[in-house]
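In what follows, a single structure is set out as structure tokens and then discussed.
Protein chains: 2
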Amino acid sequence: MNVPFDREALAGIARELDVDVRRASIRDMDRLVNAVEERLGVRYIRMEFGIPGLPTPEVAIEAETRALRERKLGHIYAPFAGVPALKQEISRFARLFMGVDIPADCCIPTVGAMQGCFASIALASRMRDDARTVLFLEPGFPVNKRQVKLLGIESDSIDFYDHRGPALIEAIERRAQQGDLCAIIWSSPNNPCWIVLNEEELAGIGRICDEHGLLAIEDLAYFGMDTRQNYFVPGEPPYQPTVLRHTRRGISIISSSKIFSYAGQRIAMAILSPELWDTDAPDLEGYCGTEKIGRAFVPGLLYPLTACCPESPQYGLMAILQAANSGDRSLFEPAFEYSRRAREMKRLFLENGFRLVYDNDLGEPLADGFYFTIAHPAYDDGADLIAELLHYGISAITLETTGSVRREGLRACVSLTGQELFPLLEERLRRFAAAHS
Amino acid sequence: MNVPFDREALAGIARELDVDVRRASIRDMDRLVNAVEERLGVRYIRMEFGIPGLPTPEVAIEAETRALRERKLGHIYAPFAGVPALKQEISRFARLFMGVDIPADCCIPTVGAMQGCFASIALASRMRDDARTVLFLEPGFPVNKRQVKLLGIESDSIDFYDHRGPALIEAIERRAQQGDLCAIIWSSPNNPCWIVLNEEELAGIGRICDEHGLLAIEDLAYFGMDTRQNYFVPGEPPYQPTVLRHTRRGISIISSSKIFSYAGQRIAMAILSPELWDTDAPDLEGYCGTEKIGRAFVPGLLYPLTACCPESPQYGLMAILQAANSGDRSLFEPAFEYSRRAREMKRLFLENGFRLVYDNDLGEPLADGFYFTIAHPAYDDGADLIAELLHYGISAITLETTGSVRREGLRACVSLTGQELFPLLEERLRRFAAAHS
Chain F
4 MNVPFDREAL
14 AGIARELDVD
24 VRRASIRDMD
34 RLVNAVEERL
44 GVRYIRMEFG
54 IPGLPTPEVA
64 IEAETRALRE
74 RKLGHIYAPF
84 AGVPALKQEI
94 SRFARLFMGV
104 DIPADCCIPT
114 VGAMQGCFAS
124 IALASRMRDD
134 ARTVLFLEPG
144 FPVNKRQVKL
154 LGIESDSIDF
164 YDHRGPALIE
174 AIERRAQQGD
184 LCAIIWSSPN
194 NPCWIVLNEE
204 ELAGIGRICD
214 EHGLLAIEDL
224 AYFGMDTRQN
234 YFVPGEPPYQ
244 PTVLRHTRRG
254 ISIISSSKIF
264 SYAGQRIAMA
274 ILSPELWDTD
284 APDLEGYCGT
294 EKIGRAFVPG
304 LLYPLTACCP
314 ESPQYGLMAI
324 LQAANSGDRS
334 LFEPAFEYSR
344 RAREMKRLFL
354 ENGFRLVYDN
364 DLGEPLADGF
374 YFTIAHPAYD
384 DGADLIAELL
394 HYGISAITLE
404 TTGSVRREGL
414 RACVSLTGQE
424 LFPLLEERLR
434 RFAAAHS
Chain A
4 MNVPFDREAL
14 AGIARELDVD
24 VRRASIRDMD
34 RLVNAVEERL
44 GVRYIRMEFG
54 IPGLPTPEVA
64 IEAETRALRE
74 RKLGHIYAPF
84 AGVPALKQEI
94 SRFARLFMGV
104 DIPADCCIPT
114 VGAMQGCFAS
124 IALASRMRDD
134 ARTVLFLEPG
144 FPVNKRQVKL
154 LGIESDSIDF
164 YDHRGPALIE
174 AIERRAQQGD
184 LCAIIWSSPN
194 NPCWIVLNEE
204 ELAGIGRICD
214 EHGLLAIEDL
224 AYFGMDTRQN
234 YFVPGEPPYQ
244 PTVLRHTRRG
254 ISIISSSKIF
264 SYAGQRIAMA
274 ILSPELWDTD
284 APDLEGYCGT
294 EKIGRAFVPG
304 LLYPLTACCP
314 ESPQYGLMAI
324 LQAANSGDRS
334 LFEPAFEYSR
344 RAREMKRLFL
354 ENGFRLVYDN
364 DLGEPLADGF
374 YFTIAHPAYD
384 DGADLIAELL
394 HYGISAITLE
404 TTGSVRREGL
414 RACVSLTGQE
424 LFPLLEERLR
434 RFAAAHS
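Chains F and A supply the protein sequences, listed in that same order. Heads up: the first sequence is residues 4 to 440, going by our numbering. Heads up: the second sequence is residues 4 to 440, going by our numbering.
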């Protein structure tokens, strides 16, 4: 079926599913596009959902099945703080690829980065009863905001669009001086605008967290995916930039969903500043049974959430990290594949009348990676733009839902668009351009 | 090494680990006994921890490994509300073994019963801002109380020791009339005292929850393990007693850790009253994005906690349920094994001067199962009793830590004590009896 798709039919399906296209979350957009594809027999260029599009490394699947069969896992709870050998391997990974020395005790597997973020935000919000506002550096992962709402705490935001470098640090410092913050949380490489915080910015954030008693919660969901750099030679710089180098109050959450294509088994890493182990928070004891911030993380947070992490995925992640730590670069191949896709897809959008919203990284060109942000001169409002693009068989979400101050744009994810779909994307963008020139 | 073990050595290890034997949680007791076993080269009769002592059914391990290999799971997120075929099988299980008709949409896998309980308590506490007290029917699982603390809400309790039958319902109704409750939570068969709420009691609780707008949260961690009954003929009564038969506001949490010996991969079931789907709660929307209680459970609670359940364990649980639903009774064998152990172990304790604390079930003899409760006439305080028993190579936790009003007793778990250890248990109890007659 040629684009544009039938407008009546699309509107009818959206009505039936009770999806407001203009405000749709990732999940709602996903549900809508699934239904349209099925009912109309069409195929979308799907850019709404950050689903890894590459298979899980065989080494992980092999390790999981071997652990289930040979170690006879299953009936006994896994160690609550994680399988000790995995903790060691995470510690090695931190040293070899992030350039930080973190003891294995502070390297803790979680049930996906989602759990790591939830536990970190919950921890921060229980440190001081009079400081319960989380500062988001925006845009970011929409569900972190949902976590804050679920916890019944407050949030505020500062946008990267007009705050980078010294301006970012000044704005954060000014906000911290109000005294009600408990944490700063951000994603870098950034979902969705793909800027990468540099060492000076991380040092500034780290210093402010130390001085004001905040947690620095770093979402490294796209670890290593700034392909302008080569982060993948173990033990040699450059290292993945991390706030752990710059603060005594940091938690770095590393998803294995994207860089290792391992979303479905829900296994991630939380790496805590060792100094947190003996750092007191006055009100924490009543919530978590200890006033030491680091010590609260496992028994006070992760344990009451899910007891432990499922055990076989811990062996899967361990096998991946062992291979990567030993120099097997194939584990990081997804970074390069997504980078190739982003370069080409951005070109197609730009050639057909679109522009990037977040269009530079401290004056340098952006890296090519998992996401980019687009707008079109004919549309002031991203909600109108996505409503129109849906008729051209292209899905995405609005920047507004990611927390951005920019209302005109969309977040586009490259993960599900392999090279074989580029001709289709190009044809649809040309038709869109012809109709909106 | 003969009992009693060296008192100085034990005290030294407890001091070094900073464990107060008299107040030790399950995890702390576990840590202490591990250390004593290692340092002194001794072996305990370990009754502190409800670790399933039997292997995970082969059908589950086989299904997990097949799903990982053949379905190529791993890189894509599992469906957020659970794998559809698993949801169907849970619905069938509810019909065949609980005698309730629940649509698959209301049958939701969780990352262990721990997550199911946390999400249910969180949901209840977000329904009305002026009703944030959870009523615990005690004793119970200590970590549920920790979950309430983490959420920053209140709790109150009513003890089964002096409240069963009409007295229980009257006490709950009186408490509900204060207007600040959001949920009632209990475990049946009960951890630790192994009483089982009957249909009249469940009907009373269900009615109160409906009339006062509370959630009824039923922890069925020991599903089917009241071996006085035969619950295991699919589709034929008697059925596992459940509050779902008696309320429009129930959530039944069924662990697969104990009855299916499947703790390590963290996969449980939450079964919601279908009427919750369209039941409004005035303040829920701000926390969970919808005011419909049932609809909030997946997108508003489970999703921001861990995104989805790991996928391969969902196939493992599905295989177990398929077999059980088709009449394979071997899946329920752990109930009978734990029952045999409990019968024998209770006898050994009773013959050596101990008595049961919770010693009857509405005037009938207690079932034999995963836990029982003990006290000794020489000790008024369970903390003193456990401190002494530790020198005789027997570990347990105090009833006090389970929320019981009874201060004199201990909770004893049978799961790790196979028949081959009975002679050792008997010898140690005899020595204890000789020293404390």
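Using N, Cα and C, we set each Cβ at its ideal position, and we do this for glycine too. Source: prediction; values computed, not measured.
Residues that DSSP places opposite residue i in a beta bridge
{"i": "residue 295 of chain F", "result": "F:283"}
{"i": "residue 253 of chain A", "result": "A:219"}
{"i": "residue 74 of chain F", "result": "Residue 74 of chain F is not bridged to any residue."}
{"i": "residue 391 of chain F", "result": "DSSP output for residue 391 of chain F lists no bridge partner at all."}
{"i": "residue 401 of chain A", "result": "A:413"}
{"i": "residue 113 of chain A", "result": "A:271"}
{"i": "residue 137 of chain F", "result": "F:158, F:186"}
{"i": "residue 99 of chain F", "result": "According to DSSP, which records beta bridges pairwise, residue 99 of chain F is partnered with nothing at all."}
{"i": "residue 364 of chain A", "result": "A:367"}
Extent of the continuous alpha helix (DSSP H) run through residue i
{"i": "residue 42 of chain F", "result": "29-43"}
{"i": "residue 429 of chain F", "result": "425-438"}
{"i": "residue 93 of chain A", "result": "87-96"}
{"i": "residue 13 of chain F", "result": "10-20"}
{"i": "residue 441 of chain A", "result": "In the structure as shown, chain A begins at 4 and stops at 440. Residue 441 of chain A is therefore absent and cannot be evaluated."}
{"i": "residue 309 of chain A", "result": "306-309"}
{"i": "residue 348 of chain A", "result": "336-354"}
Residue i vs residue j beta-carbon contact at 9 Å
{"i": "residue 137 of chain F", "j": "residue 71 of chain F", "result": "no"}
{"i": "residue 263 of chain F", "j": "residue 195 of chain F", "result": "no"}
{"i": "residue 103 of chain A", "j": "residue 320 of chain A", "result": "no"}
{"i": "residue 317 of chain A", "j": "residue 81 of chain A", "result": "yes"}
{"i": "residue 244 of chain F", "j": "residue 200 of chain F", "result": "yes"}
{"i": "residue 253 of chain A", "j": "residue 212 of chain A", "result": "yes"}
{"i": "residue 198 of chain A", "j": "residue 359 of chain A", "result": "no"}
{"i": "residue 237 of chain F", "j": "residue 355 of chain F", "result": "no"}
{"i": "residue 79 of chain F", "j": "residue 267 of chain A", "result": "yes"}
{"i": "residue 114 of chain A", "j": "residue 309 of chain F", "result": "yes"}
{"i": "residue 226 of chain F", "j": "residue 100 of chain F", "result": "yes"}
{"i": "residue 207 of chain A", "j": "residue 241 of chain A", "result": "no"}
{"i": "residue 153 of chain A", "j": "residue 129 of chain F", "result": "yes"}
{"i": "residue 256 of chain F", "j": "residue 224 of chain F", "result": "yes"}
Cβ separation of residue i and residue j, assumed to be a contact under 8 Å, to the nearest whole Å
{"i": "residue 140 of chain A", "j": "residue 186 of chain A", "result": "With 8 Å as the limit, residue 140 of chain A and residue 186 of chain A do not qualify as a contact, their Cβ atoms being about 11 Å apart."}
{"i": "residue 220 of chain F", "j": "residue 123 of chain F", "result": "5 Å"}
{"i": "residue 400 of chain F", "j": "residue 29 of chain F", "result": "6 Å"}
{"i": "residue 112 of chain F", "j": "residue 271 of chain F", "result": "7 Å"}
{"i": "residue 415 of chain F", "j": "residue 375 of chain F", "result": "6 Å"}
{"i": "residue 352 of chain F", "j": "residue 389 of chain F", "result": "Between residue 389 of chain F and residue 352 of chain F the Cβ distance is about 14 Å, and since that is not below 8 Å, they are no contact."}
{"i": "residue 55 of chain F", "j": "residue 260 of chain F", "result": "6 Å"}
{"i": "residue 345 of chain A", "j": "residue 371 of chain A", "result": "4 Å"}
{"i": "residue 76 of chain A", "j": "residue 314 of chain A", "result": "5 Å"}
Enclosing beta strand (DSSP E) for residue i [first to last residue]
{"i": "residue 190 of chain F", "result": "184-190"}
{"i": "residue 169 of chain F", "result": "It is not in any beta strand (DSSP E) - residue 169 of chain F instead sits in the alpha helix (DSSP H) that spans 169-179."}
{"i": "residue 314 of chain A", "result": "No beta strand (DSSP E) contains residue 314 of chain A, which is instead part of the alpha helix (DSSP H) from 314-328."}
{"i": "residue 376 of chain F", "result": "374-378"}
Cα-Cα separation between residue i and residue j, rounded to whole angstroms
{"i": "residue 63 of chain A", "j": "residue 53 of chain A", "result": "21 Å"}
{"i": "residue 265 of chain F", "j": "residue 324 of chain F", "result": "12 Å"}
{"i": "residue 292 of chain F", "j": "residue 298 of chain F", "result": "10 Å"}
{"i": "residue 228 of chain A", "j": "residue 342 of chain A", "result": "8 Å"}
{"i": "residue 403 of chain A", "j": "residue 409 of chain A", "result": "7 Å"}
{"i": "residue 285 of chain F", "j": "residue 156 of chain A", "result": "18 Å"}
{"i": "residue 441 of chain F", "j": "residue 397 of chain F", "result": "Any property of residue 441 of chain F remains undetermined from this structure, which presents chain F solely from 4 to 440."}
{"i": "residue 282 of chain A", "j": "residue 304 of chain A", "result": "16 Å"}
{"i": "residue 312 of chain A", "j": "residue 428 of chain A", "result": "40 Å"}
{"i": "residue 45 of chain F", "j": "residue 11 of chain F", "result": "15 Å"}
{"i": "residue 382 of chain F", "j": "residue 413 of chain F", "result": "11 Å"}
{"i": "residue 231 of chain F", "j": "residue 250 of chain A", "result": "59 Å"}
{"i": "residue 384 of chain F", "j": "residue 25 of chain F", "result": "9 Å"}
{"i": "residue 118 of chain A", "j": "residue 307 of chain F", "result": "8 Å"}
{"i": "residue 442 of chain F", "j": "residue 93 of chain A", "result": "The displayed coordinates of chain F run from 4 to 440. Any statement about residue 442 of chain F would go beyond what the structure contains."}
Near the ligand MN: residue i beta-carbon under 8 Å from a heavy atom
{"i": "residue 28 of chain A", "result": "This structure simply doesn't include the ligand MN, nor any ligand for that matter."}
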